[in-house]
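Everything on this sheet refers to the single structure shown next.
Residue numbers (my numbering), protein chains in the order written: chain A, 533 to 785; chain B, 7 to 147.
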């Protein structure tokens, strides 16, 4: 549905464009104001400046996105525990529409946690994160984890200043999720296939899932894990540690 | 319903560009919406209409240009339109998967069209706002 009058390169109507409104004391014609900006510019700019701050502080920030019930909180709690055990300083910010239940669960790991209650908003935005980081000693952290609102659509367009976007796909959801929600999977760097201990019970078609992820984002790094049995977790923790190391080597080279 | 947040931003940016008093009526706003922007066109229009009540954008028409998806294939070193839209991000030449989207994620505000300064409806709104303001001031006194 190409708009031939305007062209896909953002051409403007052929109407005379009046940039200098002082030229005529009173315009008797409709006036076109050229704006040409991204609608989410404010969020993008804030996320960019936060990313620069995080890199300067040497804190590796990841944004966890998935549908509700895919196992984000359980896996994040295990990840916080393990990284603390490995001697890292870690923290988490978690978003939900209501309740601080997830923050309570994550805090059991011993890491500092902040809960954002969005009261109906379906995703986190950069300014919500900025308001929270002042309450955490983020500058002294090695890892900051952001658990987004459980939603496979809305968080896609909001950059939170993260270095790594992690999408979770639980075997109980079915293997076609990447095709149904391509935007979120395309913008993710890592896909974690969770609850792998339930794969057989759910008739999870592993090959189809891997193929569907590849169709939407062939560069995504894929891990298959079970938080319950511990399968695949070591690889996941090692990867996070390695990503942080290579990221800070790049920034502080 | 993240379209609500997007409509809020759209109105905020437009307001930043409007000349000061009298606030002119906005006739049309042109936006570019990529097929891969994860934004539902009707939801965005509805959210915009709802939020624009009582502002200079109350009767504004959203002119939405849809931008099709174009993919970059590193094997062919070529940017081409996606043959299967959003469903399969494969290079139409060599059929290999590529997630490298070069066009189709747009969510851009292009231009804002204002009513002429002698627009009667704008003047009427402005006058009524002024008189309301005067009444409010009187009540406060």
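We put the beta carbon where it would ideally sit given N, CA and C, even for glycine.
- If you draw a 10 Å sphere on the C-beta of residue 64(B), you find fewer than 16 other C-beta atoms in it, and that means exposed.
- Residue 673(A) has its alpha-carbon roughly 14 Å from the corresponding atom of residue 617(A).
- Here the alpha carbons of residue 774(A) and residue 604(A) stand approximately 21 Å from one another.
- Between residue 721(A) and the set 697(A), 591(A), 599(A), 712(A), the nearest pair of CA atoms involves 697(A).
- With respect to the 8 Å criterion, residue 41(B) and residue 73(B) are classified as neighbours on the basis of their beta carbons.
- Close to chain B, meaning a Cβ-Cβ distance shorter than 8 Å, are the following residues of the segment 743–754 of chain A: 746, 747, 748, 749, 750, 751, 752.
- Among the CB atoms of chain A, one or more fall inside 8 Å of the CB of residue 33(B).
- Comparing C-alpha distances from residue 742(A) to each of 764(A), 602(A), 708(A), 763(A) shows the shortest one belongs to 708(A).
- Taking 8 Å as the threshold, the shortest C-beta distance from residue 44(B) to chain A falls below it.
- Here residue 743(A) carries a helix assignment [DSSP, helix/strand/coil].
- Taking 8 Å as the upper bound for CB-CB distance, residue 115(B) and residue 30(B) are not in contact here, some 17 Å apart.
- Of 44(B), 96(B), 59(B), 102(B), the smallest CA-CA separation from residue 32(B) is found for 59(B).
- Between the segment 591–604 of chain A and the segment 698–717 of chain A there are three or more C-beta pairs closer than 8 Å, enough to call the two in contact.
- Taking the C-beta atoms as reference points, residue 50(B) is found nearer than 8 Å to residue 9(B).
- Within the same chain, Cβ atoms closer than 6 Å to the Cβ of residue 612(A) are found at 622, 641, 643, the five residues on either side in sequence being excluded.
- Spatial neighbours of residue 108(B) in its own chain (CB-CB distance under 7 Å, excluding positions within 5 residues in sequence) are listed in chain order as 76, 77, 78, 85.
- Contact of residue 696(A) with chain B by beta-carbon distance below 9 Å is absent, the smallest such distance being about 16 Å.
- Closest option to residue 739(A), judged by alpha-carbon separation, among 706(A), 712(A), 771(A), 762(A): 706(A).
- The beta carbon of residue 122(B) falls within 8 Å of a beta carbon belonging to chain A, placing the residue at that interface.
- For residue 711(A), same chain residues with a beta-carbon under 8 Å away, outside a window of 5 residues either side, are 744, 747, 748 in chain order.
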